Each structure stands twice: as C-alpha cells, then as structure tokens.
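Participant: Its first residue numbered 57, the sequence shown is counted upward by one per residue in this note's numbering. Pasting a structure below so you can have a look.
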Amino acid sequence: MAAARHVAVLVGSLRKGSYNRMMAKALAALAGSELQLTIVEIGDLPFYNEDVDADEPPAPWTAFRKAIDAADAVLFVTPEYNRSVPGVLKNAIDVASRPHGRNAWSGKPGAVVSVSPGAIGGFGANHHLRQSLVFLNVPAMPQPEAYIGGAAGLFDEAGHITNDGTRTFLEGFMKAFAAWIDALSPTKLEAAP
Ligand code: FNR
57 MAAARHVAVL VGSLRKGSYN RMMAKALAAL AGSELQLTIV EIGDLPFYNE DVDADEPPAP
117 WTAFRKAIDA ADAVLFVTPE YNRSVPGVLK NAIDVASRPH GRNAWSGKPG AVVSVSPGAI
177 GGFGANHHLR QSLVFLNVPA MPQPEAYIGG AAGLFDEAGH ITNDGTRTFL EGFMKAFAAW
237 IDALSPTKLE AAP
C-alpha cells in the first residue's frame with residue numbers, strides 16, 4: 057500500500073460545540089485510506105505581529121509553521137463571521153505565511169468547506185478565504201464547491217452526519233480532493249496492488 061497523503065485540517069471556530077469541528081471530524085472519517093486528516097489547532101496562536109517575528113517568534117507560531125510545512129495538503133473547514141473568514145482563522149493563515157519569503161502554505165493543494173446553520177452555507181467566508189489562497193499560492197480545488205447550510209440539523213449526538221444526501225456529497229468531495237492532491241503532487245501515489 058502506498059503511504060497516505062497527510063492533510064492538515066484548519067477549523068475556523070474555537071467553540072466547544074462547533075459544527076465546523078464536527079464536520080472536520082466527519083470528513084476525516086469519510087475520507088478514503090489515501091488521505092490522513094489531522095486537525096492542527098489554531099486557538100493558541102498569538103496575534104501576528106511583524107515586530108515580534110523579527111525579534112523572537114513565539115513557540116506556538118514556530119510549531120504551527122512546522123505543522124503546515126510537514127503537510128502534503130491543507131483543508132479549511134470554516135464558519136462565516138459577518139460574511140467573511142473568522143479572525144482566528146485569518147490570524148493562523150497570516151502566521152504561517154510569514155516571515156517574508158517563508159510562506160508555509162505555498163504550493164500545498166487545498167480545499168475549502170464552509171458550514172453554517174444558515175441557508176447559504178457560509179458562501180461569503182468560503183470565497184473570501186479563496187481570495188487569500190490565491191495570494192498564498194495554494195491551488196484550491198475549484199469543484200465540487202462545499203457550502204453546507206442547515207448545520208444545526210445535520211449531526212446526531214455522536215457527530216455523525218444524519219442526511220444521506222449530504223454524506224454522499226461529502227464522500228465525493230473527499231474523493232475529488234484526493235485526486236486533486238495526487239494530480240498536483242510531485243511524487244505520485246503507487247497504484248494499489
Ligand atoms: C456568526 N454567524 C454567521 N452565520 C452566517 O451564516 N453568516 C454570517 O455572516 C455570520 N456571522 C457571524 C458573526 C459572528 C461574530 C458569530 C459569532 C456568528 C453564525 C455562525 O454561523 C454560527 O454561530 C455557527 O454555529 C458558527 O460555527 P461553529 O462555531 O458552529 O463551527
């Protein structure tokens with residue numbers, strides 16, 4: 057068996073009962089064996105400040121940059137805050153994009169899933185995030201798009217997705233992401249025996 061691709065998962069909510077965190081865990085379970093998903097925590101990253109970076113970067117920044125460096129790909133699972141990306145996620149993006157010339161995101165295949173209790177599924181956050189990903193040189197999978205609305209009724213108490221149609225869609229999303237990563241990766245996965 058070929059080694060699985062390591063996908064760093066960034067969750068844009070710190071809330072204990074976060075639907076986005078539930079979605080990230082559900083995606084990890086739905087993904088095929090060719091992808092290994094790990095949530096990289098972002099809640100303890102101090103706000104980005106170039107002065108501090110030039111002096112002595114805080115340990116959480118260094119650890120986070122290493123975690124992104126080590127990943128084969130990145131998956132963003134985020135709510136929408138005021139039609140945009142939550143500050144905590146934007147901060148994490150900024151931290152790993154610096155110092156200048158050491159952008160840890162560069163070249164990593166990416167994908168975006170936005171999740172909201174609302175009807176339009178975090179479309180605004182999804183596309184504001186994609187704007188940053190262009191600048192960061194993250195090739196973000198264009199299709200399928202994933203704007204997941206109605207999140208309050210989507211999970212059972214164990215965090216499983218209750219809607220068959222949504223689960224099937226997300227399985228297809230993860231298959232497409234695996235193919236996207238493979239197509240963009242310098243070393244190809246060996247064919248399964
Ligand atoms: C929100 N929420 C929200 N929802 C949405 O669909 N569009 C929006 O623009 C906003 N704006 C917004 C701003 C702020 C500051 C908060 C705290 C919330 C509601 C949001 O989708 C809801 O709280 C989700 O449950 C957040 O995701 P998690 O924490 O469940 O993953």
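The beta carbon of each residue, even a glycine, is placed where N, CA and C say it ideally should be. Only a predicted model underlies this, so the values are computations on that prediction, with no experimental measurement involved.
Where does Gln187 fall in DSSP's three states?
Facilitator: helix
Participant: For Arg121, which residues from the same chain have a beta carbon less than 6 Å from its beta carbon, with the 5 sequence-adjacent residues on both sides left out?
Facilitator: Cβ within range, chain order: Ala152 and Ala160.
Participant: What do you reckon, are the CB atoms on Val50 and Thr134 nearer than 9 Å?
Facilitator: With the chain running from 57 to 249 in the structure shown, residue 50 is simply not present.
Participant: Quick check on the DSSP output: what are the complete alpha helix (DSSP H) runs of length 4 or more inside the segment 130-198, in order along the chain?
Facilitator: 143-152 and 179-191
Participant: Identify whether Ser89 lies in helix, strand or coil by the three-state DSSP scheme.
Facilitator: coil
Participant: Buried or exposed: Gly221, going by 16 or more other Cβ atoms within 10 Å of its Cβ?
Facilitator: exposed
Participant: Exposed or buried, what is Pro249 when buried is set at 16 or more other beta-carbons lying within 10 Å of its beta-carbon?
Facilitator: Any reading at Pro249 must be qualified, since the residue scores a pLDDT of 49, below 50, and its modelled position is unreliable; no value is offered.
Participant: Would you list the residues whose beta-carbon is nearer than 7 Å to any heavy atom of ligand 1, in the order they occur in the chain?
Facilitator: Ser69, Arg71, Gly73, Ser74, Tyr75, Asn76, Arg77, Pro135, Glu136, Tyr137, Asn138, Arg139, Val171, Ser172, Pro173, Gly174, Ile176, Gly178, Gly180 and Ala207
Participant: Would you list the residues sitting across from His62 in a DSSP beta bridge?
Facilitator: DSSP, once it has assigned bridges, lists Gln92 as partnering His62.
Participant: Measuring alpha carbon to alpha carbon, tell me which of Glu201, Ala148 and Gly163 ends up nearest Ser241.
Facilitator: Gly163
Participant: With DSSP as the reference, label Ala232 as helix, strand or coil.
Facilitator: helix
Participant: Nearest CA to the CA of Val96: which residue from Leu70, Tyr104, Asp107 and Ser89?
Facilitator: Leu70
Participant: Using alpha carbons as the reference points, say which of Ala127, Asp107, Ala110 and Phe103 lies closest to Pro116.
Facilitator: Phe103
Participant: Work out the CA separation of Asn182 and Val171 for me, nearest whole Å.
Facilitator: 9 Å
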